[in-house]
Amino acid sequence: MTRPGRDRRAEAVAPAPPPRASRAPAGPRPRAVVIGGGIAGLAAATALAERGVAVTVLEREAQLGGRLRGWPTTLRDGSRVTMSRGFHAFFRQYYNLRALLGRADPGLAALAPLADYPLVHAGGARDGFAGLPSAPPWNAFALAARSPSFPVRELARVNTAAAAQLLDVDVPGVYARLDRVPAPDLLAAVRFPASARHLAFEVFSRSFFADPRHLSAAELAVMFHIYFLGSAEGLLFDVPRAPFPRALWDPLAARLRRLGAEVRTGTEAEGVEVEGAASAAGRRPAVWAAGERHACDGVVLAADVPGLRGLAERVEGADPAWLGRLKRLPGAPPFLVSRLWLDRPVAASRPGFLGTAGYPTLDNVSVLERFEDEAAAWAGRTGGSVVELHAYALPAGCDEAAERARLRAQLHRVYPETARAGVVDERHELRADCPLFPPGGFAERAAVRTPHPGIVVAGDHVRVDLPVALMERAATSGFLAANALLADWGLPGHTVWSVPRRGRLALARAFARWARSRAG
Numbered sequence: 007m008t009r010p011g012r013d014r015r016a017e018a019v020a021p022a023p024p025p026r027a028s029r030a031p032a033g034p035r036p037r038a039v040v041i042g043g044g045i046a047g048l049a050a051a052t053a054l055a056e057r058g059v060a061v062t063v064l065e066r067e068a069q070l071g072g073r074l075r076g077w078p079t080t081l082r083d084g085s086r087v088t089m090s091r092g093f094h095a096f097f098r099q100y101y102n103l104r105a106l107l108g109r110a111d112p113g114l115a116a117l118a119p120l121a122d123y124p125l126v127h128a129g130g131a132r133d134g135f136a137g138l139p140s141a142p143p144w145n146a147f148a149l150a151a152r153s154p155s156f157p158v159r160e161l162a163r164v165n166t167a168a169a170a171q172l173l174d175v176d177v178p179g180v181y182a183r184l185d186r187v188p189a190p191d192l193l194a195a196v197r198f199p200a201s202a203r204h205l206a207f208e209v210f211s212r213s214f215f216a217d218p219r220h221l222s223a224a225e226l227a228v229m230f231h232i233y234f235l236g237s238a239e240g241l242l243f244d245v246p247r248a249p250f251p252r253a254l255w256d257p258l259a260a261r262l263r264r265l266g267a268e269v270r271t272g273t274e275a276e277g278v279e280v281e282g283a284a285s286a287a288g289r290r291p292a293v294w295a296a297g298e299r300h301a302c303d304g305v306v307l308a309a310d311v312p313g314l315r316g317l318a319e320r321v322e323g324a325d326p327a328w329l330g331r332l333k334r335l336p337g338a339p340p341f342l343v344s345r346l347w348l349d350r351p352v353a354a355s356r357p358g359f360l361g362t363a364g365y366p367t368l369d370n371v372s373v374l375e376r377f378e379d380e381a382a383a384w385a386g387r388t389g390g391s392v393v394e395l396h397a398y399a400l401p402a403g404c405d406e407a408a409e410r411a412r413l414r415a416q417l418h419r420v421y422p423e424t425a426r427a428g429v430v431d432e433r434h435e436l437r438a439d440c441p442l443f444p445p446g447g448f449a450e451r452a453a454v455r456t457p458h459p460g461i462v463v464a465g466d467h468v469r470v471d472l473p474v475a476l477m478e479r480a481a482t483s484g485f486l487a488a489n490a491l492l493a494d495w496g497l498p499g500h501t502v503w504s505v506p507r508r509g510r511l512a513l514a515r516a517f518a519r520w521a522r523s524r525a526g
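So the sequence shown is numbered by our numbering: it starts at 7 and just counts up by one.
What follows is the structure, given as structure tokens:
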């Protein structure tokens, strides 16, 4: 099979050969309803439609894309622009997400590479990833050698036995070993240099919209593995050249419709009947939406965490223990996205994307005209800049106006020239709908398969026993959910890919096992 990237150790996970159908569809071909039009739902819908399934996608928002949706808005200067919920990085090891997008854009022409991913600490330290070797362990050696965040004196203090755990990642085994440990405790055991924690900890953990203290050490170890220690794809990434709808979702929706799928936006699922529920009189699953009952052979629950919790209240005839687990899905704290249209440009030296650490709330700054055509057109026409700020893991119940002002003050500290700029217009999104992966939470995660025939779950909150995360977990779970239904109907599934499923260095894995045995 053709490998999806440059890493020769990327692993293909082929579906089992299709068995004889265990649940024959009610009609000439299976029918499925996908609840949620984000990455997970679109992956599931695409995988099903490609196998001849009659698919209906129900998305409650007016646009597809989930947390990557975009919508039109008019600025005070009369410009029609697209607002979204913020910047996302499309890493080269997101094999299944890129395969999904490649269905409608085979060359991935809609994605553009960023030259670097610089990180700046409030104390003045600066790191970047351009020019590093792509393959472990040489990437780690090169970063430590050139980075001011890794002083030799502190590196000599590292607990190599504890650090070896970061090189001995296997999924799900690493969760059995480390999931109950808070991520800061793992770094403390490693004696990771304090000056480098912003590089190796804050940026990674906060990309999960989580306070670092409330993140599982297993999740941190898996992140290290995916992005650095286990993959040869590197830490540089691509970004869409255009707003999300035009670059990603409109082409994918058009392809779904060509495959015969029905894509309904602005339509919220009102309830689900599982197979055998009393009101269903022993019939197949069904979904209620807009007062209409959609009888089907399979349902994909691809809503976000709050949506899935709410939907769990409206599932008729389901196993109470399973419903209870859905209702208890943990959510991450609120996050704020502020986009500012400024009347003068930021300095030409500013990168398209800058990660920050050590600031009260600012996590990153994007200068959109560096890579997005719509923002570039506005900046070229007005002489200004389009700047986006992210603040992750804000306090619950925070004052949005105060957080907006605080975020802008931090921008002025990072890019002082913005303090003199006027704001032509601004848009803000304060949300709290991301999953949380707290210590000890792995055992409670929703699985793709459920106790009910014909009902599967997909999303970035779902347990996937592969080293995947964030958007890639969403896409992978969507394909796996589709594969589960296809197998039940005796239809072939789809191969998924992942970075190597265990640490790349056999000696490091052996040393880690030896160290664990010595520790008892």
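Quick reminder that beta carbons are idealized off the backbone N, C-alpha and C, glycines included.
Cβ-based burial, residue i [other Cβ within 10 Å; buried from 16]
i      : result
Arg28  : It should be pointed out that residue 28 corresponds to Ser in this sequence rather than to Arg. When all chains shown are included, Ser28 counts as exposed.
Glu478 : buried
Ser372 : buried
Thr62  : buried
Arg98  : buried
Pro34  : exposed
Arg203 : buried
Thr273 : buried
Arg2   : This structure leaves residue 2 out entirely; the chain is present only between 7 and 526.
Pro457 : exposed
Pro218 : buried
Thr362 : buried
Asp405 : exposed
Pro142 : buried
Val449 : According to the sequence as given, residue 449 is Ala; it is not Val. Exposed is the call here.
Leu513 : exposed
His231 : buried
Glu298 : exposed
Pro10  : buried
Asp310 : buried
Contact under 7 Å by Cβ, residue i with residue j
i      : j      : result
Thr367 : Ala397 : yes
Asp439 : Arg247 : no
Ala453 : Ile45  : no
Arg315 : Gly277 : no
Ala148 : Pro157 : no
Gly528 : Glu65  : With the chain represented from 7 up to 526, any question about residue 528 goes unanswered, as that position is not in the structure.
Arg507 : Asp174 : no
Ala227 : Leu161 : no
Val269 : Ala224 : no
Gly465 : Ala308 : yes
Leu120 : Val245 : yes
Leu395 : Leu413 : yes
Residue i: first and last residue of the uninterrupted alpha helix (DSSP H) it sits in
i      : result
Asp191 : Ala189 to Val196
His418 : Glu406 to Val420
Arg387 : Asp379 to Thr388
Glu478 : Leu476 to Asp494
Arg345 : Here Arg345 belongs to no alpha helix (DSSP H); instead the beta strand (DSSP E) covers Phe341 to Leu348.
Ser90  : Here Ser90 belongs to no alpha helix (DSSP H); instead the beta strand (DSSP E) covers Arg86 to Ser90.
Pro119 : Per DSSP, Pro119 belongs to no alpha helix (DSSP H); it is in the beta strand (DSSP E), Leu117 to Pro119.
Gly108 : Tyr101 to Ala110
Residues near residue i by beta carbon distance below 8 Å, same chain, minus five either side
i      : result
Leu258 : Leu48, Thr52, Leu70, Leu106, Leu107, Arg109 and Ala110
Ala286 : Reliability fails at Ala286, whose pLDDT of 48 lies under 50, so the model's placement of it is uncertain and no value is given.
Ala402 : Pro339, Pro340 and Ala438
Ala195 : Asn165 and Ala168
Leu348 : Gly390, Ser391, Val392, Val393, Thr424, Ala427, Gly428, Val429 and Val430
Beta-carbon proximity list for residue i, same chain, < 7 Å, skipping 5 on both sides
i      : result
Arg455 : Val462 and Ala490
Ala521 : Ala167 and Ala170
Leu400 : Pro339, Pro340, Phe341, Leu342, Thr367 and Glu409
Val187 : Ala223 and Pro445
Limits of the beta strand (DSSP E) - the one that residue i falls within
i      : result
Phe359 : Phe359 to Ala363
Val502 : Val502 to Ser504
Glu268 : Glu268 to Thr271
Thr62  : Ala60 to Glu65
Val437 : The sequence given here places Arg at residue 437; Val does not occur at that position. It spans Val429 to Arg437 - the beta strand (DSSP E) in which Arg437 sits, taken as one unbroken run.
Leu307 : Gly304 to Leu307
Own chain residues within Cβ distance below 6 Å of residue i, not counting five before or after
i      : result
Arg57  : Leu492 and Leu497
Gly5   : In the structure as shown, the chain begins at 7 and stops at 526. Residue 5 is therefore absent and cannot be evaluated.
Thr482 : Asn102, Val470, Val474 and Val502
Ala488 : Ala50, Ala53 and Leu54
Phe250 : Gly71, Leu74, Gly76 and Ser90
Trp294 : Glu276 and Gly277
Ala20  : Thr501
Sequence ranges, alpha helix (DSSP H) only - wholly within the region 199-254, length at least 4: Runs found: 209-212 and 223-230.
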